[in-house]
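Below is one structure, written out as structure tokens; comments come after it.
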Amino acid sequence: MSETTVAIVGAGPSGLMAAQTLLAAGCRVDIYDAMPSVGRKFLLAGRGGLNLTHSEASDRFLSRYGSRQAQVAKWLNQFDANALRQWAHDLGIETFVGSSGRVFPKEMKAAPLLRAWLHRLREMGLRVHVRHVWRGWSEQGDLLFDSPQGQVTARPDATVLAMGGASWPRLGSDGAWKPLLAQKGVQTAQLLPSNCGFECGWSEHFIERYAGQPLKSVALAQELEGNDAEPVFRRGECMLTEQGLEGGAVYALSAGLRDAILATGRATLLVDLLPDRSLDFVREQVEWPRGSRSMSSHLQSRLGIKGVKAGLLRECVSADDFRNPDALARAIKRLPIVLLAMRPIEEAISTAGGVGFDALDERQMLSAMPGVFCAGEMLDWEAPTGGYLLTACFASGVAAGRGVLEWLAANKPESRAEANRQ
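The opening position of the sequence shown corresponds to residue 1 in UniProt numbering, with each subsequent residue numbered one higher.
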């Protein structure tokens with residue numbers, strides 16, 4: 001297969017991993033990216049400490065992919081969290097498990113890993129073409145790119161599309177591929193923000209006092225309208241913004257909150273301000289005689305509620321409920337915050353929507369376009385931060401690369417000639 005050529009469009013984790021898989025099998029691989037350098041979103045994602053994957057048990061790990069568990073499981077069966085850590089180690093990047101179970105490179109940065117990876121890929125023969133903006137196909141079926149040298153074309157034996165979703169468009173993921181695929185009869189789902197912030201409609205007073213402050217030592221859950229099931233609270237922290245809320249604990253719930261807003265125009269986030277205390281304990285402390293002290297002073301003294309937590313209570317609890325000890329205790333353990341909208345998709349960490357799995361065969365090849373494969377975030381799946389999103393991106397690249405190899409093995413010229421003779 002040394003004469004076989006494959007083009008990969010998009011040089012993020014999924015595209016680069018597809019390239020490695022194909023290079024290892026002897027293919028000649030060209031990778032194209034619109035940006036001046038590769039892996040830009042990957043580098044930014046690791047700016048505050050690259051969360052490479054997660055160490056939790058495989059069944060719980062898989063549950064993070066929601067309605068796409070079955071599809072993502074096929075990727076992870078080929079390249080799971082342990083394989084990802086071993087791959088990093090083979091590049092000379094040591095990893096460790098943090099107290100939360102998340103896995104990080106020892107240096108905590110994405111740049112050393114990306115440099116080592118690109119060095120390895122170039123040694124394997126990868127040819128990198130930056131500042132090449134994909135414009136679809138010519139009438140003859142060639143790939144078209146706008147480059148600094150003008151329009152260039154390529155006619156590979158197979159193509160892998162790995163161009164991401166539509167979050168952080170300044171880094172290259174702008175969703176511009178959707179109409180290009182639509183022209184070829186490939187239907188895609190609307191791209192939606194995932195791992196995103198939400199808008200709440202805070203009062204001006206609240207914004208002036210608390211915007212930009214973190215909300216720590218809390219637990220969050222989505223209130224399930226018309227559902228008798230008890231909400232499942234998750235510990236974490238988030239950030240209060242002028243518009244609403246963002247941060248890891250909110251991102252973990254973003255899919256359900258987003259879908260509720262799209263369906264009804266609003267969603268309710270429940271906040272347990274004291275997750276280490278029971279409702280009975282909180283009620284007892286609220287009802288404790290407070291004498292001449294204000295309720296705010298009383299809550300600070302008996303329960304340690306002050307600052308942003310006290311501000312949230314005032315913002316979200318009615319005056320009547322604030323004066324009612326039982327209602328106030330319940331609010332402390334289950335404070336409802338109404339979310340009115342998602343923040344723009346450009347601000348989201350990732351996206352949902354894109355190429356549906358029903359448009360692909362079992363090799364991740366587009367049914368409408370033989371020889372064209374898809375990988376990564378441009379497919380219709382989503383996952384929370386914490387290593388799950390990145391792991392699946394890597395794994396989908398491996399799966400797409402292997403899908404290409406399987407298809408080429410059955411469709412290279414000598415295979416077709418043999419089939420015709422039979």
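The beta-carbon is built from N, C-alpha and C at its ideal position, and this holds for glycine as well.
So, residue i versus residue j, is the Cβ gap smaller than 8 Å?
i      : j      : result
Leu126 : Val372 : no
Arg47  : Leu171 : no
Leu52  : Leu84  : yes
Met163 : Val9   : yes
Phe42  : Gly66  : no
Thr159 : Ser138 : no
Leu143 : Ala19  : no
Asp380 : Ala189 : yes
Val130 : Val38  : yes
Tyr32  : His132 : yes
Phe79  : Phe394 : yes
Leu191 : Ile345 : yes
Val186 : Ala375 : no
Leu240 : Ala211 : yes
Ile207 : Glu242 : yes
Met369 : Lys178 : no
Leu389 : Lys333 : no
His54  : Ala34  : no
Trp75  : Ala392 : yes
Val404 : Met378 : no
Ala110 : Ala45  : yes
By Cβ distance below 6 Å, which residues in the same chain neighbour residue i in space, the five residues on each side in sequence not counted?
i           : result
residue 428 : Look at the range of the chain in this structure, 1 to 422, and you will see that residue 428 is not part of it.
Thr5        : Arg28, Pro156, Asp157
Leu303      : Gln285
Trp168      : Lys41
Arg290      : His298
Met108      : Gly49
Val250      : Cys238
Gly141      : none
Ser14       : Ala162, Ala375, Gly376, Cys393, Ser396, Gly397
Just checking my contact of residue i with residue j at CB under 8 Å: how many whole Å lie between their CB atoms?
i      : j      : result
Thr351 : Gly165 : 3 Å
Arg235 : Ala255 : In fact, because the Cβ distance is near 19 Å, the residues do not count as touching under 8 Å.
Arg283 : Pro325 : 7 Å
Arg330 : Leu279 : 7 Å
Gly136 : Leu180 : 4 Å
Pro336 : Glu223 : 7 Å
Val317 : Gln213 : Not a contact, Cβ separation roughly 19 Å.
Tell me where the alpha helix (DSSP H) around residue i begins and ends.
i           : result
Leu114      : 111–123
Tyr388      : 388–411
Lys178      : 177–182
Cys200      : From DSSP, Cys200 is part of no alpha helix (DSSP H); its letter is neither H nor E.
Cys316      : 307–316
Ala249      : 248–251
residue 503 : Outside the shown range of the chain (1 to 422) lies residue 503, about which nothing can therefore be said.
Ser296      : 295–303
Gln222      : Note, Gln222: premise wrong, no alpha helix (DSSP H); beta strand (DSSP E) at 214–222.
Ordered along the chain, which non-local residues of its own chain (more than five positions away) have a Cβ less than 8 Å from that of residue i?
i      : result
Ser310 : Here the sequence assigns Ala to residue 310, which means Ser is not the residue at that position. Result list for Ala310: Ser296, Leu299, Gln300, in chain order.
Arg421 : For Arg421, the pLDDT reaches just 33, beneath the cut-off of 50, and the residue's location in the model is therefore unreliable, although a value from the coordinates is still provided. Excluding sequence neighbours, Arg421 sits near nothing in its chain.
Arg122 : Val128
Leu313 : Leu273, Leu299, Ile305, Phe322, Leu328, Ala331, Ile332, Leu335
Ser367 : Ala359, Leu360, Asp361
Got a sec? Which residues, its chain only, sit under 7 Å from residue i by beta carbon, not counting five neighbours each side?
i      : result
Lys106 : Glu94, Thr95, Phe96
Leu408 : Met1, Thr4, Asp157, Ala158
Arg68  : Trp381
Glu418 : Note that Glu418 scores a pLDDT of 37, beneath 50, so its modelled location is shaky; the value from the coordinates is reported in the next line. Contacts found: none.
Ala73  : Leu62
Leu340 : Glu199, Cys200, Gly201, Arg266
Ser216 : Going by the sequence as given, residue 216 is Lys instead of Ser. Closer than 7 Å at Cβ, skipping near neighbours: Glu237.
Arg64  : Ala383, Pro384, Tyr388
Trp288 : Arg302
Leu262 : none
Considering residue i, what are the terminal residues of the beta strand (DSSP E) in which it resides?
i      : result
Gly66  : Segment: none, Gly66 is in no beta strand (DSSP E) and carries neither H nor E.
Val282 : From DSSP, Val282 is part of no beta strand (DSSP E) but of the alpha helix (DSSP H) over 279–287.
Ile337 : 335–339
Asp146 : 143–147
Met35  : Here Met35 belongs to no beta strand (DSSP E), and DSSP marks it neither H nor E.
Arg135 : 133–137
Counting contacts by CB-CB distance shorter than 8 Å, is residue i in contact with chain B?
i     : result
Glu94 : Although the question refers to chain B, the structure presented lacks it and comprises just one protein chain.
- prompt: Touching or not, the stretch 319–326 and the stretch 264–281, by the rule of three or more beta carbon pairs under 8 Å?
  reply: no
- prompt: Are the stretch 201–216 and the stretch 378–386 touching by the rule of at least three beta carbon pairs closer than 8 Å?
  reply: no
message: Can you confirm whether the stretch 190–199 touches the stretch 334–353 when touching is taken to mean that 3 or more C-beta pairs between the two stretches lie within less than 8 Å?
response: yes
message: When you compare the stretch 355–368 with the stretch 392–412, are there three or more beta-carbon pairs, one atom per stretch, that lie closer than 8 Å?
response: yes
- request: Kindly confirm or deny that the stretch 138–154 and the stretch 85–92 touch, where touching means at least three C-beta pairs closer than 8 Å.
  value: no
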